[in-house]
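Chains A and B supply the protein sequences, listed in that same order.
Position 136 of the first sequence, counted from 1, bears residue number 136 in this note's numbering, the numbering being contiguous throughout.
Position 434 of the second sequence, counted from 1, bears residue number 434 in this note's numbering, the numbering being contiguous throughout.
Protein chains: 2
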Amino acid sequence: MKPSLAKGTRDFAAADVSRRRYITDIIQQQFQLAGFQPLETPSFENLATLTGKYGEEGDRLIFKILNSGDYAAKADEADWQQRNSQKLTAQISDKALRYDLTVPFARYVAMNHGRLTFPFKRYQIQPVWRADRPQKGRFREFYQCDADIVGSESLWQEVELVQLYLSVFEKLKLSVTIHLNNRKVLTGLALYAGIQDRLTDFTVALDKLDKIGREGVEKELREKSIPEASIEKLAFLFEPQSDSVETLLKLRERFDGIDIGLQGVDELQTVITRCADLGLPTHKLIFNITLARGLDYYTGAIFEVKADGVELGSIGGGGRYDNLTELFGVKNIPGIGISFGLDRIFLAMDELDLFPESLAKTTEYLFANYGEAEAVAAAKLVKRLRDKGISAELYPEAAKLKKQFTYAEKKGIAKIAFVGEDEIKNDTVTIKNLKSGEQETIAVRDFAGTDDQHFCNLR
Amino acid sequence: MKPSLAKGTRDFAAADVSRRRYITDIIQQQFQLAGFQPLETPSFENLATLTGKYGEEGDRLIFKILNSGDYAAKADEADWQQRNSQKLTAQISDKALRYDLTVPFARYVAMNHGRLTFPFKRYQIQPVWRADRPQKGRFREFYQCDADIVGSESLWQEVELVQLYLSVFEKLKLSVTIHLNNRKVLTGLALYAGIQDRLTDFTVALDKLDKIGREGVEKELREKSIPEASIEKLAFLFEPQSDSVETLLKLRERFDGIDIGLQGVDELQTVITRCADLGLPTHKLIFNITLARGLDYYTGAIFEVKADGVELGSIGGGGRYDNLTELFGVKNIPGIGISFGLDRIFLAMDELDLFPESLAKTTEYLFANYGEAEAVAAAKLVKRLRDKGISAELYPEAAKLKKQFTYAEKKGIAKIAFVGEDEIKNDTVTIKNLKSGEQETIAVRDFAGTDDQHFCNLR
């Protein structure tokens with residue numbers, strides 16, 4: 001049997017693990033500096049917790065786990081006879097893999113809200129799974145890094161999350177643009193165009209602007225029977241935007257009498273003004289009136305982050321939601337959250353060559369193996385070095401030196417240590433630096449910082 | 001809908017995440033000091049990669065993932081009519097969740113052996129899933145921390161892994177005993193008792209000694225039709241052991257003429273001698289002749305670790321295997337590995353109160369919110385502190401001070417910072433230490449280490 005990876009999944013060897021940790025360590029550090037606390041939820045949830053939260057398409061893409069035991073015996077007779085896969089799923093599967101980190105978080109808050117201190121700031125860095133068709137940069141298992149704040153309607157939370165995005169990407173040295181919009185602006189636009197009852201169709205079409213362009217969006221609106229007059233009224237959306245402040249000013253005029261739209265504009269202005277007051281680089285913030293992010297549950301701010309100089313789509317996104325825990329029977333817990341897309345950030349950093357050199361930690365010293373007696377002496381030094389926090393290995397066999405050198409070179413080990421007959425006699429160790437070629441012989445006491453100078457007494 | 005966790009799974013909130021990370025950070029650090037490199041494999045594998053590797057019982061406990069789409073349509077007609085769950089599983093599921101870290105590692109080595117540098121030392125810290133009945137300390141999702149070395153038959157690897165166990169548990173301050181045995185000793189015993197063709201039945205029964213006692217083991221051997229004479233010859237196994245060296249000496253006599261048994265004794269003695277030479281605390285090592293660990297694939301050394309002073313079963317185990325990648329068509333890659341059971345280690349440390357105080361990182365400063373103008377000034381200081389690596393938060397609303405204090409107390413924040421009208425006028429900040437009750441007013445320049453002393457110029 002020739003082994004293979006499951007479709008859409010990956011192994012991460014040492015070099016990739018180190019580079020991914022470099023990113024998640026920085027994200028985690030910034031999360032913690034901002035007072036977010038870690039949460040980890042299980043990889044699978046009850047199926048009922050996940051279904052109905054991501055739309056029909058989402059439900060289809062959730063990985064369901066087959067029940068253990070004689071699952072077939074418990075299925076409905078008629079559904080079984082008809083081989084109705086769709087109806088049978090919930091009968092033979094009661095668990096499913098996490099599809100995102102937001103719904104499990106909502107489930108957690110709903111279960112624990114009596115014990116939590118609000119506003120509750122949590123972060124979560126875990127894999128999620130989607131039965132999507134794999135393609136470049138899209139996998140069936142991938143990591144999300146989320147920060148959410150629940151229990152506060154203050155616009156300072158919007159500022160907090162913009163600040164978090166900026167600080168993470170500044171530390172990563174990845175230049176980004178943060179696109180901002182507000183669901184209330186989108187609702188205002190629907191009212192302005194007289195299509196308030198078609199808000200979802202409108203935002204779903206608008207959301208595709210990047211992919212299908214103005215013509216595509218207008219075509220889709222027509223297909224959804226949005227009146228031609230409304231489409232014309234919205235034409236200004238597709239004109240080149242001037243700067244954010246001016247666009248907001250013009251929008252304020254159009255929203256004359258449309259309260260919800262004006263409220264959206266006010267919120268955006270407050271957030272941008274406060275960011276400016278704090279000295280944040282506001283030139284990285286763009287009010288993007290066409291940003292919708294498809295997700296029905298956003299009620300206020302909408303964020304999306306794009307890396308400058310690479311064509312990768314969004315590397316992060318989020319927004320304000322008011323009713324997330326309501327799905328689980330707990331009302332009045334407003335929230336706001338952002339997500340970092342680890343895989344896309346990785347691709348962007350790789351393409352722009354932003355990873356520091358030699359992140360992968362390798363062994364510092366390889367001790368050559370000359371045979372039993374020498375190996376015991378060498379192993380004592382290996383132990384001493386490790387006790388001092390220096391990584392070291394003993395080559396396990398008394399193989400030809402060439403083979404031992406090759407091992408060191410392939411593993412990127414810089415220094416080879418020799419403890420042969422002479423060294424044992426003289427209580428020394430010889431170190432060869434493979435990069436510089438330099439070689440020196442050092443007294444054991446100096447090398448390992450031991451009290452005793454003799455190998456035989458070394459422990 | 002009242003939300004709940006899936007059976008046998010857990011949420012980890014901040015305090016638990018910190019304590020678990022405390023353990024895994026130490027494990028990871030010691031792995032790296034010993035030259036092990038990280039590997040991460042996907043959460044799910046092709047079903048065929050996992051089945052047949054863990055025995056019949058294991059196969060049953062693997063979580064299978066239901067195929068997407070119209071899975072029922074692709075199932076065999078006769079099996080479907082008979083509702084044969086067992087036969088249908090592989091037809092409606094082609095993926096399954098990782099059951100341990102060893103088989104995915106073997107799959108990785110088999111797929112990449114041409115590119116790896118041998119001996120290849122990898123470590124892996126990831127969750128695994130088993131459809132076991134949940135009980136105290138046993139969950140359906142739990143973490144394993146594995147270190148394996150493949151491509152070397154040297155007994156220095158056995159020493160390396162004993163050393164690794166000892167160094168990790170020393171750093172964790174958890175007192176442990178490492179039980180050692182060798183598969184060749186078990187084979188020797190079967191030969192000695194004339195039941196060499198019944199080795200698996202013998203080891204499976206022996207493995208249960210801790211749970212069912214001598215009577216239980218002997219009863220099971222009888223049930224498996226092991227001759228009474230053989231059971232009598234093995235009676236010495238259940239007598240109280242003297243020290244390891246003496247037990248090995250006696251065993252050497254019994255194994256007179258049984259080469260494989262003698263080889264097992266030799267190997268054990270070499271490992272113990274080398275550990276003594278290195279000054280390792282060999283009183284923590286016990287030669288346990290009845291240790292079998294049920295796993296058929298062990299061919300040499302067998303390890304098991306128990307925490308002293310708690311009744312928890314094993315908190316780690318492992319052994320040498322010769323043929324792991326052979327299952328995937330790649331021969332001659334001998335290996336040896338050990339595993340750390342994170343959940344059990346956690347339970348032991350919790351019971352023995354070994355976690356350092358206040359591991360959970362919380363925010364250092366909470367800035368009180370007095371309203372918009374003051375909040376902007378406070379937010380500037382929050383930003384400065386974070387830039388300096390000090391965690392800080394602004395309370396998001398100008399709520400009553402009592403409410404803001406309560407938030408700080410509940411979150412364990414030690415210091416509240418006040419930036420009110422007076423502070424802004426005087427360019428100062430007032431800090432109250434909630435533990436000591438002390439309060440002081442500091443110039444902004446001194447507090448935030450800014451060049452400028454005025455709030456208005458602060459960025």
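Note that the Cβ used here is the ideal one computed from N, Cα and C, for glycine as well.
7 Å Cβ cut-off: residues of chain A touching D277(B) | V376
Give the C-beta separation of D148(B) and G329(B) to the nearest angstrom, bearing in mind that I take them to be a contact with Cβ-Cβ under 8 Å.
-> The Cβ separation is near 19 Å, so there is no contact.
Where E45(B) falls, given that 16 or more other Cβ within 10 Å makes a residue buried = buried
Where Q135(B) falls, given that 16 or more other Cβ within 10 Å makes a residue buried = exposed
C456(A): first and last residue of the uninterrupted alpha helix (DSSP H) it sits in = Note, C456(A): premise wrong, no alpha helix (DSSP H); not H, not E.
Say whether chain B places a C-beta atom closer than 8 Å to the C-beta of V17(A).
-> yes
Can you name the residues of chain B whose CB is closer than 8 Å to the CB of S85(A)?
-> G69, D70, Y71, A72, A73
Among A78(A), Q269(A), R19(A), S230(A), which has the Cα closest to the Cα of L155(A)?
-> Q269(A)
For T49(A), I'd like the list of residues in its chain whose CB is within less than 6 Å of its CB, leaving aside the five on either flank, ordered along the chain.
-> R107
Can you give the Cα-Cα distance for R464(A) and G137(A), rounded to whole angstroms?
-> As shown, chain A starts at 1 and ends at 459. That puts residue 464(A) outside it, with no answer to give.
For I212(B), is the classification buried or exposed, using 16 other Cβ atoms within 10 angstroms of its Cβ as the cut-off for buried?
-> exposed
How long is the line joining the alpha carbons of F455(B) and A360(A), rounded to whole angstroms?
-> 43 Å
Rounded C-alpha distance that separates E440(B) from N433(B) | 9 Å
For P240(B), count neighbouring Cβ atoms within 10 angstroms of its own Cβ and tell me buried if that reaches 16, exposed if not.
-> exposed
Would you identify the three-state DSSP class for G335(A), choosing helix, strand or coil?
-> strand
When the cut-off is 8 Å and only beta carbons count, does P134(A) lie next to chain B?
-> no
To the nearest angstrom, how far is it from the Cα of Y54(A) to the Cα of E393(A)?
-> 50 Å
Proximity of D146(B) and Q124(B) at Cβ, strictly below 8 Å = yes
Name the two residues that bound the continuous alpha helix (DSSP H) containing I231(A).
-> 228-233
Cβ shell of K260(A) (< 8 Å), same chain only, five flanking positions each side left out = Note that residue 260(A) is Ile in the sequence shown, not Lys. The residues are K184, T187, G188, L191.
At 8 Å on the CB atoms, spell out the chain B contacts of R10(A), in chain order.
-> P42
Give a yes or no on whether 8 Å exceeds the smallest Cβ distance from Y22(B) to chain A.
-> no
Apply the 10 Å Cβ neighbour rule to G35(B) and answer buried if 16 or more other Cβ atoms are within range, or exposed otherwise.
-> buried
By the criterion of Cβ-Cβ separation under 9 Å, what are the contact partners of Y321(A) in chain B?
-> Ordered by position in chain B, no residue passes the 9 Å Cβ test against Y321(A), which lies about 16 Å from the chain.
Just grab the DSSP bridge partners of N182(A) for me.
-> A301(A)
Can you pull the DSSP bridge partners for V429(B)?
-> I442(B)
Whose C-alpha, out of I424(A), T406(A), K173(A), E228(A), is nearest the C-alpha of G309(A)?
-> K173(A)
Using Cβ-Cβ distances below 7 Å, what residues of the segment 303-334 of chain B are close to chain A?
-> F328, G329
Cβ neighbour criterion (16 or more within 10 Å) applied to S244(A) = buried
Return the CA-CA distance between N369(A) and E218(B), expressed in angstroms with no decimal places.
-> 46 Å
Mark Q462(B) as exposed unless 16 or more other C-beta atoms lie within 10 angstroms of its C-beta, in which case mark it buried.
-> The question about residue 462(B) has no answer, for chain B in this structure spans 1 to 459.
Taking only runs of the alpha helix (DSSP H) that begin and end inside the segment 386-423 of chain B, which ones reach a length of at least 4 residues, in chain order?
-> 401-411
Please report the residue range of the beta strand (DSSP E) in which L366(A) lies.
-> 365-367
State yes or no: is the beta carbon of Y407(B) nearer than 8 Å to at least one beta carbon in chain A?
-> yes
Among N182(A), Y365(A), G412(A), A193(A), the one whose alpha carbon lies nearest that of T299(A) | N182(A)
Check L97(A) in the structure and name its three-state DSSP category.
-> strand
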